Structures are given as structure tokens and as C-alpha cells.
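Everything on this sheet refers to the single structure shown next.
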Amino acid sequence: MRPLPFVLGAAALLTVFAAAPAFADDSSSPSPFTIEDPRITESSGLAASRLHPGVYWTHNDSSDGPYVYAVDGKTGKTVARVALRGIGDPRDVEAISIGADGNVYVGDIGDNLGGQWSHVWVYRFPEPKQLKDATVTATQFTVKYQGGPRNAEAMMVHPKTGRVYIASKSDEDAGLYAGPATLSPSGVNVFRRVSDLDMEVTDGAFAPDGTRLVLRGYFSAAEYRWRDGKPTRLEEEPGLPLQRQGESVTFTPDGGTLMYGTEGAGSKVTPVDLGGELLPDATAKEQKKNGEYSDRVDGKLTEDEKNGNLVKAGVTFAGALVVFLGLRRLFRRGRP
Numbered sequence: 001m002r003p004l005p006f007v008l009g010a011a012a013l014l015t016v017f018a019a020a021p022a023f024a025d026d027s028s029s030p031s032p033f034t035i036e037d038p039r040i041t042e043s044s045g046l047a048a049s050r051l052h053p054g055v056y057w058t059h060n061d062s063s064d065g066p067y068v069y070a071v072d073g074k075t076g077k078t079v080a081r082v083a084l085r086g087i088g089d090p091r092d093v094e095a096i097s098i099g100a101d102g103n104v105y106v107g108d109i110g111d112n113l114g115g116q117w118s119h120v121w122v123y124r125f126p127e128p129k130q131l132k133d134a135t136v137t138a139t140q141f142t143v144k145y146q147g148g149p150r151n152a153e154a155m156m157v158h159p160k161t162g163r164v165y166i167a168s169k170s171d172e173d174a175g176l177y178a179g180p181a182t183l184s185p186s187g188v189n190v191f192r193r194v195s196d197l198d199m200e201v202t203d204g205a206f207a208p209d210g211t212r213l214v215l216r217g218y219f220s221a222a223e224y225r226w227r228d229g230k231p232t233r234l235e236e237e238p239g240l241p242l243q244r245q246g247e248s249v250t251f252t253p254d255g256g257t258l259m260y261g262t263e264g265a266g267s268k269v270t271p272v273d274l275g276g277e278l279l280p281d282a283t284a285k286e287q288k289k290n291g292e293y294s295d296r297v298d299g300k301l302t303e304d305e306k307n308g309n310l311v312k313a314g315v316t317f318a319g320a321l322v323v324f325l326g327l328r329r330l331f332r333r334g335r336p
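If you count the sequence shown from 1, position 41 lands on 41 in the UniProt record's numbering, and the numbers rise without skipping.
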């Protein structure tokens with residue numbers, strides 16, 4: 001049996017190594033990937049899976065039928081195609097999001113005629129526990145806007161409250177619209193304007209902890225602090241990759257990275273790391289605990305931050321070593 005001081009000292013050292021800062025490494029960030037499926041030529045929405053790490057849900061813009069696809073973020077290959085039954089013929093599917101209830105929400109909300117449809121639809125189905133081609137029964141919700149029809153491409157479900165939001169696309173009168181607290185499959189769900197927007201929005205997403213909202217367009221992106229059901233735009237803007245037709249965005253499950261998608265055959269999904277005020281609250285707290293937090297909006301650690309983390313790790317290790325040596329000395333003095 002090991003002497004007690006040895007056991008206690010080893011435990012102290014192991015605790016130090018477990019708590020020591022895990023320095024940010026670019027290799028640990030999500031990698032870009034290319035959607036390989038030839039059936040996906042107009043990827044218009046993106047949502048990180050809750051049940052299957054590294055998998056992203058997407059769909060075609062139009063003329064594809066009631067289908068959504070699960071794509072492996074490492075290989076870019078489709079691992080499941082889900083057909084939706086119990087709904088009408090999709091007209092212009094533009095967005096996808098996963099709600100607080102674990103369901104996948106699909107926004108058939110596009111209106112390329114500039115707001116001529118009297119109503120649009122949102123579809124909902126449970127995220128499959130197993131990834132394979134399947135047909136599922138979906139619930140259909142009819143949506144109308146306060147103030148009349150709108151063209152929209154961004155639909156976001158808040159991960160805590162479950163409320164559904166739609167951002168209209170207009171570059172002159174864009175707005176954020178909130179649905180009822182609970183959508184009803186019977187009757188009409190009226191979405192009411194809760195905030196003006198100053199950009200043409202092609203997609204959006206809530207952070208996993210619900211404290212940030214990101215909206216993107218073709219040439220710009222903006223991030224908002226989300227509090228009490230209202231957005232407040234942050235001064236800093238997240239990075240936006242150069243894409244041929246920027247259509248989609250989602251947060252990674254840890255909230256530290258945005259994944260940007262585009263349309264076209266063989267389209268690429270590109271990660272952009274976040275830092276500073278752009279990080280969701282829960283993500284920033286976790287990164288600070290692990291020594292990975294950066295004040296820079298691109299999430300890269302400065303030399304001062306790296307050196308500071310090294311100093312903290314060294315001080316912690318030295319303290320544990322002193323405890324270990326002290327216990328050994330006391331044990332030796334107490335030997336018969």
C-alpha cells in the first residue's frame with residue numbers, strides 16, 4: 001500500500017493537471033467542410049445537431065420536395081435524408097433551427113415576389129435519434145405577419161424559451177418578428193414585429209445558451225446580445241468569409257464558433273471563431289475557466305494572454321508541489 005502522504009500528494013498534483021489551462025489550439029477548432037451530396041445544390045439553412053455531435057442539418061432552397069439532410073461535418077457526406085409527411089408541398093424553404101424541445105423546425109418562409117404570399121409555413125419534427133434515411137410525420141404551422149406579407153430567409157428558435165423568430169430580408173424595412181409563445185397547428189400564428197433591423201438578412205441563429213443572436217447577409221454579419229426577448233446590437237462584428245452566395249449560419253454546440261454556409265453544388269461550410277463580447281455568456285465562462293478565453297473578437301489568444309495562462313499554471317503547480325513535499329517531510333519526521 002502506498003504511504004498516505006504519497007497518495008495525498010499525487011492527488012494534489014493530478015488535481016492541478018486537471019485544472020490547468022488547456023491552451024487554445026487551432027487544431028481543436030471545427031474544420032471547414034464541403035457538402036458532397038449532389039442532391040444538395042441550394043443549401044439555404046444550417047443547424048448544428050443536438051443529438052449527433054459534428055452533424056449539421058441542411059436543406060435545399062426550393063424545387064426539392066419535403067426533405068432535410070444530415071451532413072457529417074468531418075467528411076461532408078450525407079448520413080441521413082429525412083422526408084417530411086403530413087405537410088403540403090413546400091414552396092420556398094429557407095431556414096432550419098433546433099428548438100428547446102429538441103425538435104427540428106423548418107422555415108418555408110421565402111417569398112421571392114417581395115411579399116406576395118398571404119401566409120407561409122413552419123414545419124416541426126423530432127430530431128431522429130438514429131441517423132438513417134427515414135420518413136417522419138411533421139407538424140405544420142401557418143404563419144402570417146403583423147402588417148402584412150414579408151419576404152424572409154431567416155428563422156431562429158430560442159434554445160431556452162422555444163419561441164420562434166423570423167427576420168425579414170428587406171434591405172429597406174427589415175425587422176425581427178416573434179411568434180406566439182406556443183405555436184398552434186390549427187388556425188393562424190401571427191408573428192409580431194419586436195425590433196427593426198438595418199441589414200438584408202439571409203439567415204440567423206441563436207447561441208446554444210440563448211444570450212447571443214447572429215444575423216448574416218450576403219456581405220455582412222451582425223451579432224446581438226439577447227435579453228428579455230429583445231436584441232441589442234454589439235459594436236463588434238463577427239468575421240464573415242468571402243462566399244459566392246452567403247446563405248446560412250449556425251453556432252457550434254459549444255458556442256465558440258460560427259459555421260457559415262453558401263449555395264451551389266459542392267458548397268463549402270466555413271468556420272469562424274469568436275472571442276470577446278461576441279462569445280455567448282456560458283461559452284466565455286467556460287473558456288475563462290479553461291484558460292482559452294481571448295478578448296479578441298476572432299478568439300485568438302494574444303501573447304500576453306498566453307503568458308498569463310502559463311504563469312497561472314506555473315503558480316498553481318508550484319503550490320501543489322510545496323504541499324506534496326511538505327507532506328513527505330512531515331511523514332518522515334513522524335516515522336519511528
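Positions of the beta carbon are idealized from the N, C-alpha and C atoms, including for glycine.
Here the structure is a predicted model, which is why all the values come from computation and not from measurement.
Report yes if the CB atom of residue i is closer than 8 angstroms to the CB atom of residue j, and no otherwise.
i           : j           : result
residue 223 : residue 278 : yes
residue 253 : residue 211 : no
residue 237 : residue 221 : yes
residue 70  : residue 49  : yes
residue 127 : residue 109 : no
residue 213 : residue 201 : no
residue 91  : residue 133 : no
residue 62  : residue 271 : no
Between the C-alpha atoms of residue i and residue j, what's the straight-line distance to the nearest angstrom?
i           : j           : result
residue 155 : residue 282 : 23 angstroms
residue 286 : residue 217 : 29 angstroms
residue 291 : residue 98  : 30 angstroms
residue 145 : residue 256 : 33 angstroms
residue 259 : residue 190 : 30 angstroms
residue 57  : residue 96  : 8 angstroms
residue 39  : residue 162 : 31 angstroms
residue 160 : residue 209 : 7 angstroms
residue 86  : residue 199 : 35 angstroms
residue 226 : residue 195 : 12 angstroms
residue 245 : residue 65  : 22 angstroms
residue 300 : residue 294 : 6 angstroms
residue 74  : residue 269 : 11 angstroms
residue 276 : residue 34  : 29 angstroms
residue 36  : residue 193 : 38 angstroms
residue 173 : residue 289 : 42 angstroms
residue 180 : residue 262 : 30 angstroms
residue 138 : residue 78  : 21 angstroms
residue 186 : residue 140 : 9 angstroms
residue 182 : residue 164 : 9 angstroms
residue 417 : residue 125 : The requested residue 417 does not occur in the structure, where the chain is confined to residues 1 to 336.
residue 243 : residue 266 : 13 angstroms
residue 25  : residue 284 : Unreliable positioning characterises residue 25 in this predicted model, as indicated by a pLDDT of 42, which lies under 50. The coordinate reading is nonetheless provided below. Looking at the two C-alpha atoms, the distance is approximately 16 angstroms.
residue 130 : residue 274 : 31 angstroms
residue 41  : residue 168 : 23 angstroms
residue 45  : residue 219 : 17 angstroms
Measuring alpha carbon to alpha carbon, tell me which residue in the options is nearest residue i.
i           : options            : result
residue 89  : 123, 112, 58, 57   : 123
residue 59  : 112, 264, 162, 285 : 264
residue 234 : 253, 297, 257, 201 : 297
residue 107 : 230, 128, 47       : 47
residue 83  : 135, 142, 259      : 135
residue 184 : 92, 54, 142        : 142
residue 230 : 178, 237, 78       : 178
residue 111 : 153, 268, 198, 29  : 153
residue 52  : 157, 72, 42, 294   : 72
residue 29  : 41, 37, 54         : 54
residue 166 : 32, 197, 133, 187  : 197
residue 68  : 104, 274, 272, 232 : 104
residue 170 : 45, 41, 113        : 113
residue 101 : 157, 62, 130, 61   : 157
Go ahead and pull the three-state DSSP assignment for residue i.
i           : result
residue 287 : helix
residue 281 : helix
residue 181 : coil
residue 256 : coil
residue 175 : strand
residue 276 : helix
residue 224 : strand
residue 156 : strand
residue 200 : coil
residue 104 : strand
residue 78  : strand
residue 338 : This structure leaves residue 338 out entirely; the chain is present only between 1 and 336.
residue 215 : strand
residue 121 : strand
residue 209 : coil
residue 95  : strand
residue 166 : strand
residue 230 : strand
message = Can you confirm whether the stretch 138-155 touches the stretch 109-128 when touching is taken to mean that 3 or more C-beta pairs between the two stretches lie within less than 8 angstroms?
response = yes
request  = Report yes or no: do three or more beta-carbon pairs, one from the stretch 203-210 and one from the stretch 247-255, lie closer than 8 angstroms?
outcome  = yes
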